[in-house]
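Below you'll find the structure, written out as structure tokens, and then a few comments.
Chains as they are written, first to last, in this note's numbering: chain U, 1 to 468; chain S, 1001 to 1468.
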């Protein structure tokens, strides 16, 4: 007897097979004819499969007639063509074995719909709902697509460290990692905490980005990407921020900014088309139930070429737009969400790659443009903006000239000694190179239309919340 | 003009093409005939490609004749059939553009061989060596194979949390994660540190395993795996321990221990055969230069079936072996490395799956065997042992019966309230399920024969060491 998933048993090809299926009951309906319809789901697809359980099954009266939502069973039987609407197949049960009950009085996931806020409190049960099952299948497909894309282009997946002794990027607040007794930490002779006696012999933190270490591997092995958890200890209680999130960061030797833009565009197109091809049922659910602009938004990614616009030209467009913005538009300032949305949703009606940003608003490691106006220096930064969510990718060509890099570090009051190894990458066989970062959860939000980032990650970590 | 990698340009199919290649110089040799041979590598393969640079190139005297190991360049030219030994192709340079020099006086990676210990201090340069390039390509292939295997079997990759508020497994020392001011933490009215005012509103730590959270997703979506970093704050300075390492943990609903063994065996066979097929050149390097038992050891995995031996039978074999062991063999004690090696290397000469261990030496979540002798209770644990490294996988069927689980928790002095959500997985629609864990770095050590685990991860974190 073949063990099939619900997804497999729903295919017309399964008709006629003797199979075993296991799953959780979604609904039970008893017919007047003395038999029951039981819908089960096993997470392999959004849709359920219907089981016909005849009254002459030995445990029909004792167990089957009491099956309630959330209880678990294994059925053996034949896959038959279904007469029911919206389903190709059903299972005629030869036997049903119960595994566990779910008392309707206490099981939280009853038929009534629960708010996403409420479901966050039940993070151990919410993957049993339609929405979170669909989110997790799409999240998995995106994650798989990320690997497939880069592996297919001969990139190496490099595991950059999670625990780091340096806040190199200065990208934000960091979490401290320690094994010292917090109630009674060792002190040095000046009375300061003696981190030399901490686990790693120094103060250490959770990483905010694998980029700088990624550059080490790109400047040795050519094409690499990181894909792992990153952390921000920022007290941001928004629908777009998490303290712990997954980020993918490709880094490529001998790539200039144009190569980088092409990589980013190919990458996003690939993810979206993989999800649309392989998660059709789940995506239809998001389109119908979560955000009816989803398909239109995703078509903008897969069809046509992303608009490429220099920052200076974007400022010009915004200034001449006649739009009233809450935040003023001025060369030298970062664009606000409202500006980004105007460009991508109204002006270009397309994904947009903005590039060549003012040097003053970007980190030290971005390559300085030689041909910039002297009083308006720019760097080879690029951000990819998409309709609906704004910035989804940020990247740059990196500064490979040691003298220019060190000037920029001094301008930003960085301690050059802290970056000894980063500088040596430029001292020994320096090469032009580029890379970018994409937050996985932002991408899942974009693809599914889910409004709150806490609902696209299994166990969200936010200020005040680390349950489970 | 096509941009090729060194790997691509080394293939006979490339002959006749006009190409552009970029990479780092490994060696330069000047001919008396007024031209030079330059070998470059770009990380795409272990082998280099040879460039023929004629004396009439415009920068021949000024730059090319000074190229030294570690300097970087881009060459354009035609791929030609090579007359040289051990190489199919070479590049006849039409132009060579220098990117960066590497002063032979200061560049650490000169021709002389460096010890692996020394190279650890140069973690930013060691990927430029043959050994670490090969390690990273094999590590990448193993990681890719892990995803391919599980995705091919319709498992979902679930990102379990890195920061956790509970030491649920009690699996070992944990790192504390905090944003409190360590020099002056807030105190409650009893004078204890007030973690309610820490970032997450409670004391929090780095995860030691994603298993318990993985069970949440397996008991909703069926087949899942985690693959991410895990942490142990143990002061172990050995060649097999890291404070930060990557672990893969599949968890499957409706799998019993036998299904679990079959999954583990299929999984290991797949990884090894993928690496042997796709990393032939790198694997030959490990066989020749690192450990000449590598191929024989890996054949044991791919060929034939793993031996399955109950713990009690293994004790019997060890007791009757006539071997003198340093540690005594006795039912109820964990096997030591010497015992595991005897079983897998001498007695069975094959990978071995040991199962049904004494309950007293295993965690609370493993399923208790009903048919065990009353004074010798066992649980459905399984360890996969391989020749050369011993235990490489540990797993079990999980206890799905709430009453038995709670008894085991009380026996192990655990606080049931801490596990409220884990217990609810058994209260609502409980199902038989199983899973296991494989440490990525142990697997890379096994496949490559590299002796020290610090040399199979880009940036090892160990007591006293978190540089880079």
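Every residue, glycine too, gets a C-beta built ideally from N, C-alpha and C. Bear in mind the structure is a predicted one, so any value in this text is a computation, not a measurement.
By the 10 Å Cβ neighbour count, where 16 or more other Cβ atoms means buried, how is residue i classified, buried or exposed?
i, result
"residue 1181/S", "exposed"
"residue 237/U", "exposed"
"residue 1115/S", "exposed"
"residue 1413/S", "exposed"
"residue 1262/S", "exposed"
"residue 1319/S", "exposed"
"residue 1064/S", "buried"
"residue 2/U", "exposed"
To the nearest angstrom, how far is it from the Cα of residue i to the Cα of residue j?
i, j, result
"residue 1085/S", "residue 1050/S", "11 Å"
"residue 105/U", "residue 96/U", "24 Å"
"residue 437/U", "residue 1147/S", "21 Å"
"residue 1093/S", "residue 383/U", "37 Å"
"residue 350/U", "residue 326/U", "23 Å"
"residue 1036/S", "residue 1022/S", "17 Å"
"residue 439/U", "residue 461/U", "15 Å"
"residue 250/U", "residue 214/U", "8 Å"
"residue 339/U", "residue 10/U", "47 Å"
"residue 1245/S", "residue 370/U", "42 Å"
"residue 1015/S", "residue 1078/S", "8 Å"
"residue 1475/S", "residue 1353/S", "There is no way to answer for residue 1475/S, as the model of chain S reaches only from 1001 to 1468."
"residue 1372/S", "residue 1365/S", "17 Å"
"residue 1173/S", "residue 1185/S", "22 Å"
"residue 1074/S", "residue 432/U", "11 Å"
"residue 299/U", "residue 149/U", "19 Å"
"residue 1054/S", "residue 218/U", "30 Å"
"residue 1227/S", "residue 1157/S", "7 Å"
"residue 284/U", "residue 135/U", "12 Å"
"residue 1333/S", "residue 1357/S", "9 Å"
Assuming residue i and residue j make a contact with CB atoms under 8 Å, what is their CB distance in whole Å?
i, j, result
"residue 1239/S", "residue 1415/S", "At roughly 37 Å, the Cβ-Cβ gap does not stay under 8 Å, so residue 1239/S and residue 1415/S are not in contact."
"residue 1160/S", "residue 1210/S", "3 Å"
"residue 44/U", "residue 7/U", "4 Å"
"residue 355/U", "residue 380/U", "7 Å"
"residue 138/U", "residue 275/U", "6 Å"
"residue 69/U", "residue 109/U", "7 Å"
"residue 392/U", "residue 450/U", "Contact flag wrong, Cβ pair sits at about 14 Å."
"residue 434/U", "residue 255/U", "4 Å"
"residue 155/U", "residue 225/U", "5 Å"
Closest to residue i by CA distance: which of the options is it?
i, options, result
"residue 385/U", "395/U, 359/U, 377/U", "395/U"
"residue 130/U", "289/U, 142/U, 308/U, 150/U", "289/U"
"residue 1066/S", "1019/S, 1003/S, 1030/S", "1030/S"
"residue 409/U", "468/U, 367/U, 199/U", "367/U"
"residue 282/U", "4/U, 141/U, 28/U", "141/U"
"residue 99/U", "1450/S, 1430/S, 1434/S", "1430/S"
"residue 1091/S", "1020/S, 1117/S, 1421/S, 1464/S", "1020/S"
"residue 207/U", "1229/S, 1463/S, 1303/S", "1229/S"
"residue 343/U", "332/U, 28/U, 389/U", "389/U"
"residue 71/U", "1427/S, 1467/S, 1197/S", "1427/S"
"residue 1422/S", "122/U, 32/U, 113/U", "122/U"
"residue 1133/S", "1468/S, 1465/S, 1448/S, 1464/S", "1448/S"
"residue 188/U", "1183/S, 1155/S, 1190/S", "1183/S"
Residues in its own chain within less than 6 Å of residue i by CB, not counting five upstream and five downstream?
i, result
"residue 204/U", "163, 165, 177"
"residue 1376/S", "none"
"residue 331/U", "315"
"residue 265/U", "306"
"residue 308/U", "353"
"residue 198/U", "178, 180"
"residue 362/U", "379, 381"
"residue 1018/S", "1001, 1078"
Just to confirm my understanding: we take residue i, look at its own chain, exclude 5 residues before and 5 after, and list those with CB closer than 7 Å. What are they?
i, result
"residue 41/U", "6, 23, 24, 26, 48"
"residue 1301/S", "1268, 1269, 1272, 1351, 1386"
"residue 175/U", "205, 206, 231, 233"
List the residues of chain C whose Cβ lies closer than 9 Å to the Cβ of residue i, in chain order.
i, result
"residue 1222/S", "Here chain C cannot be found, since the structure's protein chains are U and S."
Take residue i and list the residues in its own chain whose beta-carbon comes closer than 8 Å to its own, dropping the five residues that flank it on each side.
i, result
"residue 1089/S", "1009, 1010, 1011, 1012, 1014, 1015, 1049, 1079, 1080, 1081, 1082"
"residue 1441/S", "1242, 1245, 1246, 1453, 1456, 1457"
Are there any heavy atoms of the ligand ZN lying less than 7 Å away from the beta-carbon of residue i, as far as the coordinates show?
i, result
"residue 1389/S", "Summarising the ligand content, the structure contains no ligands, and the ligand ZN is consequently not present."
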